[in-house]
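Residue numbers (our numbering): 70 to 242.
C-beta atoms are modelled at their ideal positions from N, C-alpha and C, and glycine is treated no differently.
This report refers to the structure that appears directly beneath it.
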Amino acid sequence: LQFLYFIEHTHTHTQKTRRRRRKKKKKRQQSNRRYNTNMSNKSDTDTYSSTESSSDWEAPPRPKEEDGKESDEKGTGFEGKRFEEMEKTEKELAGAGVLIRFILPNNTELTKTFPHGQTVQFLKIWLEDEHKVDYASHQLYLKNKILIDPLSLNDIKEFQTGDAENVVEVREA
């Protein structure tokens, strides 16, 4: 008797589950139909088109000068001022100039001012590019201390800024 009850109860439960699933499926189908109907009623202007040309887009507003007129010359409008501000900030971050006199192995002397934030690696690259001093086979020395590539000039306390001349020897490695 208990077995029959179990079978009947299981059968009823299975039927209820099937009904619930059918109901959910039917609702999903109705919802999809409504969505598809709404999408098909939209005009072409409501959707994105990958064939839009650049003439469909509005040009950005031109920068205005202080007197309120639009700027026509390059560099005099907003972009020019912004570039000048960025350049000024970059110079401030680079630090003061460091005057360096290089003494090459053949006793030739070169003098140049570099930003205080520049790296030793940059100095060696400059020597290689401008004066054909091989990067890999030479080392830089300041007051008989070797200058390693990843350090910047402001990391090395022996470098003096301003008019003071820093003598850097270039020796073969």
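Rounded to whole angstroms, the Cβ separation of residue 202 and residue 239 is 6 angstroms, and the two are in contact under 8 angstroms. Residue 241 and residue 171 have their C-alpha atoms spaced approximately 14 angstroms apart. Buried is the label assigned to residue 193, since at least 16 other Cβ atoms lie within 10 Å of its Cβ. Between residue 179 and residue 199, the alpha-carbon positions lie close to 11 angstroms from each other. Using a 10 angstroms sphere on the CB of residue 215, the tally of other CB atoms stays under 16, which defines it as exposed. The continuous alpha helix (DSSP H) containing residue 192 extends over residues 189-200.
In the three-state DSSP reduction, residue 212 falls in the coil class, being neither helix nor strand. Here DSSP, grouped into helix, strand and coil, assigns residue 83 to helix.
Short of 7 angstroms from the beta carbon of residue 212, and not among the five residues preceding or following it, lie these beta carbons of its own chain, in chain order: 227. Taking all protein chains shown into account, residue 217 has fewer than 16 neighbouring C-beta atoms within 10 Å of its C-beta and is therefore exposed. By the beta-carbon neighbour count (other beta carbons within 10 angstroms, threshold 16), residue 220 is exposed. By the Cβ neighbour-count rule, residue 183 is buried, with 16 or more other Cβ atoms within 10 Å of its own.
Counting only the Cα atoms, residue 187 lies some 20 angstroms from residue 154. Excluding its 5 nearest sequence neighbours in each direction, residue 167 has C-beta neighbours in its own chain below 7 angstroms: 182, 183, 185, 222, 228, 230, 235, listed in chain order.
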